[in-house]
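Engineer: This is the structure I want to talk about, given as structure tokens.
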Amino acid sequence: MTYNADVVIVGGGLAGLTAGIHLARAGMQVLLLEKHSYPQHKVCGEYISNEVLPYLHYLGVSIDELAPARISRFLLSTAAGKTVESKLPLGGFGVSRYTLDHFLARKAKSVGVALRQADVTDIQFANDVFTVTTATDQTYTAKIVLGAYGKRSQLDKRLNRPFASRESGWLGVKAHYQADFPNDLVALHNFDGGYCGLSQVENGIVNACYLTNYRSFKAFRNIESFQQQVLAKNPFLNDFFARATPVFAKPLTISQISFDRKSPVENHILMCGDTAGLIHPLCGNGMAMAIHSAKLVSELVIAYFSGKLANRTALEKHYTHQWSSEFKTRLLTGRIAQTVLAYPGITGVLLKSVQRTPGILPIIIKQTHGKPLLV
Ligand SMILES: Cc1cc2nc3c(=O)[nH]c(=O)nc-3n(C[C@H](O)[C@H](O)[C@H](O)COP(=O)(O)OP(=O)(O)OC[C@H]3O[C@@H](n4cnc5c(N)ncnc54)[C@H](O)[C@@H]3O)c2cc1C
């Protein structure tokens, strides 16, 4: 059997591009199918934990070239404007997805990844071979397929993933602004029904990205009035939106964001990044997890092709085990933190305890983050 590639990767966000670079550097034939062109803005807070830096360095990816904002402080405010601040145990950096994904895509091409713009509509597995079909009816075969197509796609329905048939009540909104905002700070400001992250990316631009439940948003159905009447009740957000000048013609939005449990292996496809599980954005760790899962899956795929793993069953078993032991607790902590923030009374009590014992906050933050990814 002749394959089009050793590995086909579906989706060229952070997980797909990182895995592509890792595998191509190990000598694999990698075909990456991404439905959009680069560069492209994405709904994302764009704060990335420094835990990914050693691994990116190993892959030959130098984030310094993008002149990111270096972020070392965290500020949390309640809807009423009460605050608590902490140093970030590991710190992070701010760079737009527009710049970062494009940068990684160029890097992927330079190390030999075949990158094609294609919307994947179907993935079938039979006789130990995958057949991947695109919207233009092009088909590709491969021994391994990585699912790195993000939070939600028609493919999830096609694969009968349980969460895909359930409605999800979360909406994400993001825009860039010119504003006076500290370049070393990531702030998370609560409002009724959600929270808004503020932090700098490259070139001193400020990203404002919020997640809200649809229950809170639906009475407005219009971002401007929602921001004026709900977000602006938080004095920090009121002040920010009053002073900031939008860079985008209008904010980007995404709906149907699901935090339901997913499985890291589905019909033999190895899922990574958000396709395997999405952590609540308030943790600021989704991008690091996407990159980390790309590392886990790439190392195991290399072991599989070199014969160090006996067969596909061993590959899938190891990946499921490693994925769960790395990320399950983080996802759970994210869910708990999200539930707490949904109740202003509990948030207020928690904030008071953190104010009394400031050492607690870095401990909570550590629970939602990983250790530096050493290779
Ligand atoms: C509101 C919000 C704020 C966030 N803020 C942060 C933050 O500040 N810090 C942080 O670390 N994380 C944050 N996250 C999480 C972070 O954005 C994700 O965890 C991260 O983008 C996951 O990367 P990924 O590669 O898995 O998916 P993505 O980046 O979504 O990439 C998936 C790619 O697959 C492509 N694709 C989809 N379907 C197909 C198809 N059928 N065929 C071909 N290609 C396809 C898409 O076009 C896309 O490019 C936030 C998330 C939300 C919702």
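Here our numbering is used: the first residue of the sequence shown is 835, the next is one more, and so on. Note that beta-carbon positions come from the ideal geometry of N, C-alpha and C, so glycine has one too.
1) Using the beta-carbon count (16 or more within 10 Å), is Ala849 buried or exposed?
2) Leu1019 to Ala901, Cα distance in whole Å?
3) For Asp1108, collect the residues of the same chain with a Cβ closer than 7 Å to its Cβ; drop the 5 residues on either side in sequence, then sort them by chain order.
4) Which residues mark the beginning and the end of the beta strand (DSSP E) in which Gly925 is found?
5) Do you know offhand how far Ala952's Cα is from His1126's?
6) Report the residue from Ala853, Leu851 and Val1035 whose alpha carbon sits nearest the alpha carbon of Asp898.
7) Helix, strand or coil for Phe964? Go by DSSP, reduced to three states.
8) Out of curiosity, what's the CA-to-CA distance linking Gly1168 and Tyr872?
9) Would you tell me roughly how many angstroms separate the C-alpha atoms of Ser896 and Ala1009, rounded to the nearest one?
10) Does the segment 940-948 come close enough to the segment 850-865 to have 3 or more Cβ pairs within less than 8 Å?
11) Going by DSSP, what residues sit across from Leu866 in a beta bridge?
12) Taking 9 Å as the threshold (C-beta atoms), are Arg1049 and Gly789 in contact?
13) Taking the straight line between their C-alpha atoms, what separation do you get for Asn994 and Asn961?
14) Looking at Thr1154 and ligand 1, is the gap between the Cβ and the nearest heavy atom below 8 Å?
15) Using the C-alpha atoms, what's the distance from Lys869 back to Glu1160?
16) Can you list, in chain order, the residues of its chain whose CB lies under 8 Å from that of Asn1056, leaving out five sequence neighbours each side?
17) Run the proximity test for Lys1008: is its beta-carbon closer than 8 Å to any non-hydrogen atom belonging to ligand 1?
18) So, is Asn1145 buried or exposed, given that buried needs 16 or more other C-beta atoms within 10 angstroms?
19) What are the partner residues of Ser1097, as DSSP defines its beta bridges?
20) Residues in its own chain within less than 7 Å of Leu1184 by CB, not counting five upstream and five downstream?
21) Where do the ends of the alpha helix (DSSP H) carrying Ala858 lie?
22) Is there at least one non-hydrogen atom of ligand 1 closer than 8 Å to the beta-carbon of Tyr881?
23) Please classify Gln1063: is it buried, with 16 or more other beta-carbons within 10 angstroms of its beta-carbon, or exposed?
24) Can you say whether Phe959 is buried or exposed, counting buried as having 16 or more other CB atoms within 10 angstroms of its CB?
25) Can you name, in chain order, every residue of its own chain whose Cβ lies under 8 Å from the Cβ of Gln988, other than the five neighbours on each side?
26) Give a single yes or no on whether Leu1134 has its beta carbon closer than 8 Å to a heavy atom of ligand 1.
27) Hey, quick one: how far does the beta strand (DSSP E) through Val1007 stretch, first residue to last?
28) Using only the alpha-carbon positions, how far apart do Glu1150 and Pro996 sit?
29) Which residues in the same chain as Tyr1029 place their Cβ atom closer than 8 Å to its Cβ, once the five residues preceding and following it in sequence are excluded?
30) Return yes when the Cβ of Asn1072 is within less than 9 Å of the Cβ of Ala1066, no when it is not.
31) At what residue ranges does the segment 994-1067 contain a whole run of the alpha helix (DSSP H), taking only runs of 4 or more?
Structural biologist: Looking at the atomic coordinates:
1) buried
2) 16 Å
3) Gly984, Lys985, Gly1120 and Ala1124
4) Thr917 to Gly928
5) 25 Å
6) Val1035
7) strand
8) 30 Å
9) 26 Å
10) yes
11) Ile843 and Leu949
12) As shown, the chain starts at 835 and ends at 1209. That puts residue 789 outside it, with no answer to give.
13) 20 Å
14) no
15) 29 Å
16) none
17) yes
18) exposed
19) Answer by DSSP bridge pairing: none, since Ser1097 is not bridged.
20) Val1174
21) Leu848 to Arg859
22) yes
23) exposed
24) exposed
25) Thr955
26) no
27) Trp1004 to Gln1012
28) 20 Å
29) Leu1022, His1023, Tyr1044, Leu1045, Leu1116 and Leu1175
30) yes
31) 1048-1051 and 1057-1063
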